[in-house]
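Enquirer: So the working numbering is basically just the index in the sequence shown, starting at one, shifted up by 898.
In this text, a Cβ means the ideal position worked out from N, Cα and C, and glycines have one as well.
For clarity, every value in this text was computed on a predicted model and none was experimentally measured.
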Amino acid sequence: MGYQNVWRLMSRFNSFRRTNIILQHLRMSKHTEAAEDVLLEKKGCAGVITLNRPKLLNALNLNMTQQIYSQLKKWEQDPETSLIIIKGAGGKAFCAGGDIRAISDAMKTKQKLAEVFFKEEYILNNAIGVGISVHGQFRVATEKSVFSMPETAIGLFPDVGGGYFLPRLQGKLGYFLALTGFRLKGRDVYRVGIATHFVDSEKVSMLEEDLVALKSPSKENVADVLETYHTQSKIDQDKSFILEEHLDKINRCFSANTVEQIIENLQQDGSPFALEQLKVINQMSPTSLKITLRHLIKGSSQTLKDVLTEEYRMSQACMRGHDFHEGVRAVLVDKDQSPKWKPANLKEVTDEDLDNYFKSLGSNDLKF
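(1) With a threshold of 16 other CB atoms inside 10 Å of the CB of E1174, please say whether the residue is buried or exposed.
(2) Who are the near neighbours of T1248 in its chain, counting only those whose CB is closer than 8 Å to its CB and skipping five residues on each side?
(3) Express the C-alpha separation of Q1035 and S1116 in angstroms, rounding to a whole number.
(4) For N918, which of helix, strand or coil comes out of DSSP?
(5) Report yes if the C-beta distance between G945 and I982 is below 7 Å; otherwise report no.
(6) Give me the Cβ distance between L1176 and I1161, rounded to the nearest whole Å; I'm assuming they're in contact under 8 Å.
(7) From this set, I947, L1075, L955 and D1057, which residue's C-alpha is nearest E1209's C-alpha?
(8) By the 10 Å Cβ neighbour count, where 16 or more other Cβ atoms means buried, how is F1016 classified, buried or exposed?
(9) At the level of alpha carbons, what is the spacing between H1033 and N1155?
(10) Is T948 helix, strand or coil when you go by DSSP?
(11) By DSSP, does I1133 sit in helix, in strand, or in coil?
(12) Check L955 in the structure and name its three-state DSSP category.
(13) Who are the Cβ neighbours of L1077 in its own chain at under 8 Å, not counting the five residues just before and after it?
(14) What is the DSSP secondary structure of S1116, counted as helix, strand or coil?
(15) Within 10 angstroms of the Cβ of T1185, are there 16 or more other Cβ atoms? Answer buried if so, exposed if not.
(16) Looking at C-alpha atoms only, which residue of T1126, E939, S1131 and G1079 is the closest neighbour of P1048?
(17) One question on the structure: do D875 and R1085 come within less than 7 Å of each other, judged by their Cβ atoms?
(18) So who's on the other strand from G986, going by DSSP bridges?
(19) CB-CB under 6 Å to I1092, same chain, minus the five flanking residues each way: which ones, in chain order?
(20) Residues in the same chain with beta-carbon distance under 6 Å from F1222, minus the five sequence neighbours each way, listed in chain order, please.
(21) Got a sec, what are the start and stop residues for the alpha helix (DSSP H) L858 sits in?
(22) Would the beta-carbon of L1011 fall within 7 Å of that of I1001?
(23) What does the alpha-carbon distance come out to for the pair T1040 and V1123?
(24) What does the Cβ neighbour count give for S1099, buried or exposed, with the cut at 16 atoms within 10 Å?
(25) Assuming Y1062 and G1168 make a contact with CB atoms under 8 Å, what is their CB distance in whole Å?
(26) Kindly indicate which three-state DSSP category Q964 falls into: helix, strand or coil?
(27) Does the separation of the CB atoms of L1259 and R1211 fall below 7 Å?
(28) When the distance is taken between beta carbons, is V1097 closer than 7 Å to S1131?
(29) Measuring CA to CA, which of H1220, S1213, G1225 and N1262 is closest to Y1255?
(30) Considering only the alpha carbon of each residue, which of K1233, N1262 and G1219 lies closest to P1241?
(31) Cβ of N959 within 7 Å of Cβ of G986?
(32) By alpha-carbon positions, which one of D1263, G1059 and S1103 ends up nearest to L1202?
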């Protein structure tokens, strides 16, 4: 799951009881010349986390997740830390998700990085509620923001809570985004509810200054500051939502319980939009499509912890399979964009195959 040019904020975390804000676009901080992959600073009332791998779109590695979690635990005990700001360095991306190439490379040499990394990443994301609307959490988008989920194109699935928040978006929009990887940009990231506020990118630095200057702020104090900047922003205010005219089609076509039925619905619709989505879906990993749809259907009635537990099981099954490594090769290594999926079509992906992605790992299951 990728967030480009996004920022995030927590007001006394959910499990960490602080206000959390994700600034989905921030200029590179003055410290980003340093070699550290993540920068952890205290500014006024706020703990500020800067993901600092701009050349890799701030993709998370194991060291980063461990450092962030450890620092959050420390800030939790600090009465003078009322706010957590998470941002990405470099101006191009907030976070491209996990460093999947490093994970795939480690698997080839029999290292257990995938087992440890996904476990640590999901525990961290449970703590900060990434991508999920929770009490006292805010996410800020700008005109430069991009939200996309390309996982089905690399033999994976929308994880880190994707199975929880995607089916809770309006209608069947989350299912559409998950299966097609459609990119949302700018104010549309706010319109669908992925971001809670929209701010002009040139004012984000000022917003951060105003936030860290607050004195022991409550979530209401933080919300007031954000609302002020949000109200002032006029960029693309009168521009319609990019998918507005297609929402009925999306709800109708993606309401099915099987990928095969979704494809049939798109074929029967026959509109240029439907046929374009059909073309996109036919390029995706058949296995990824099926596990993603089942995951979102189940996740629509699960708790976040249950979703993350299931996602950990699915991640480990993907690491053992073929398509993830083939997807990484085709998209990130050789860049030929021509993955050879196994199985190669939906018919060959059986219910028994799917069941294996959701099986309990026993003592190796994710524990919070």
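Expert: So, from the data block:
(1) Taking the sequence shown and counting its residues from 1, the one referred to as residue 1174 is at position 276. The residue is exposed, with fewer than 16 neighbouring Cβ atoms inside 10 Å.
(2) As a first step, residue 1248 is located in the sequence shown; it is residue number 350 there, counting from the start. Hits under 8 Å: none found.
(3) For the purposes of this step, residue 1116 is identified with residue 218 of the sequence shown, where counting begins at 1. For the purposes of this step, residue 1035 is identified with residue 137 of the sequence shown, where counting begins at 1. One C-alpha to the other measures close to 12 Å.
(4) Walking along the sequence shown from the start, residue 918 turns up at place 20. Strand, per DSSP.
(5) Sequence index remark: in the sequence shown, residue 945 carries index 47 (1-based). Sequence index remark: in the sequence shown, residue 982 carries index 84 (1-based). Taking 7 Å as the cut-off, the Cβ atoms of G945 and I982 count as close.
(6) Along the sequence shown, read from residue 1 onward, the residue named residue 1176 stands at position 278. Along the sequence shown, read from residue 1 onward, the residue named residue 1161 stands at position 263. That belief holds up - the Cβ atoms of L1176 and I1161 are roughly 6 Å apart, short of 8 Å.
(7) By one-based count along the sequence shown, residue 1209 stands at place 311. Nearest C-alpha to E1209: D1057.
(8) Locating residue 1016 in the sequence shown gives position 118, where the first residue counts as 1. With a 10 Å radius around the Cβ and a threshold of 16 neighbouring Cβ atoms, F1016 comes out buried.
(9) In the sequence shown, counting from the first residue as 1, residue 1033 sits at position 135. In the sequence shown, counting from the first residue as 1, residue 1155 sits at position 257. Because H1033 sits at a pLDDT of 49, beneath the cut-off of 50, its placement in the model cannot be relied upon, and the following sentence gives the value as read from the coordinates. The alpha-carbon of H1033 is positioned some 31 Å away from that of N1155.
(10) Stepping through the sequence shown from its first residue, residue 948 is reached at position 50. T948 carries a strand assignment under DSSP once its states are collapsed to helix, strand and coil.
(11) As a working mapping, residue 1133 is identified with position 235 in the sequence shown. In the three-state scheme derived from DSSP, where H, G and I count as helix and E and B as strand, I1133 is classed as coil.
(12) Here residue 955 corresponds to residue number 57 of the sequence shown, with the count starting at 1. Here DSSP, grouped into helix, strand and coil, assigns L955 to coil.
(13) Looking up residue 1077 in the sequence shown gives position 179. Excluding residues within five positions, the ones whose Cβ falls inside 8 Å are T1050, F1152, V1157, I1160, I1179, M1182, L1187, T1190 and L1191.
(14) On the sequence shown, position 218 is the one that residue 1116 refers to. Note: S1116 maps to coil in three-state DSSP.
(15) For the purposes of this step, residue 1185 is taken as residue 287 along the sequence shown, with counting starting at 1. Its Cβ being crowded by 16 or more others within 10 Å, T1185 is buried.
(16) Looking up residue 1048 in the sequence shown gives position 150. Measuring C-alpha to C-alpha distances from P1048 to each of T1126, E939, S1131 and G1079 identifies G1079 as the nearest.
(17) Because residue 875 is not part of the residues shown, which for the chain are 899 to 1266, the question remains open.
(18) The sequence position of residue 986 within the sequence shown is 88, counting from 1. G986 is bridged to L949.
(19) Your numbering for residue 1092 matches position 194 in the sequence shown. The answer, listed in chain order, is F1045.
(20) Here the question's residue 1222 lines up with position 324 in the sequence shown. In its chain, beyond the 5 residues on either side, G1053, L1054 and C1216 have a beta carbon closer than 6 Å to the beta carbon of F1222.
(21) A question about residue 858 goes unanswered here, because the residues of the chain that appear run from 899 up to 1266.
(22) Counting from one through the sequence shown, the residue named residue 1011 turns up at place 113. Counting from one through the sequence shown, the residue named residue 1001 turns up at place 103. Against a cut-off of 7 Å, the Cβ pair of I1001 and L1011 comes out as a contact.
(23) The count along the sequence shown starts at 1 and reaches residue 1040 at position 142. The count along the sequence shown starts at 1 and reaches residue 1123 at position 225. Looking at the two C-alpha atoms, the distance is approximately 16 Å.
(24) Within the sequence shown, numbered from 1, the residue matching residue 1099 stands at position 201. By the neighbour-count criterion, in which a residue is buried when 16 or more other Cβ atoms sit within 10 angstroms of its Cβ, S1099 is buried.
(25) The count along the sequence shown starts at 1 and reaches residue 1062 at position 164. The count along the sequence shown starts at 1 and reaches residue 1168 at position 270. Approximately 33 Å separates the beta-carbon atoms of Y1062 and G1168; this is outside 8 Å, ruling out the contact.
(26) Position 66 of the sequence shown, counted from the start, is the residue given in the question as residue 964. Helix at Q964.
(27) Position 361 of the sequence shown, counting from 1, holds the residue named residue 1259. Position 313 of the sequence shown, counting from 1, holds the residue named residue 1211. In contact: L1259 and R1211 (Cβ atoms closer than 7 Å).
(28) For the purposes of this step, residue 1131 is taken as residue 233 along the sequence shown, with counting starting at 1. For the purposes of this step, residue 1097 is taken as residue 199 along the sequence shown, with counting starting at 1. Taking 7 Å as the Cβ cut-off, S1131 and V1097 qualify as a contacting pair.
(29) As a position in the sequence shown, residue 1255 is number 357, starting the count at 1. For Y1255, the nearest C-alpha among the options comes from S1213.
(30) Position 343 of the sequence shown, counting from 1, holds the residue named residue 1241. When C-alpha distances from P1241 are compared across K1233, N1262 and G1219, the shortest belongs to G1219.
(31) The residue labelled residue 959 in the question sits at position 61 within the sequence shown. The residue labelled residue 986 in the question sits at position 88 within the sequence shown. Result no, Cβ atoms of N959 and G986 do not sit closer than 7 Å.
(32) Looking up residue 1202 in the sequence shown gives position 304. Taking only the C-alpha atoms, the option nearest L1202 is G1059.
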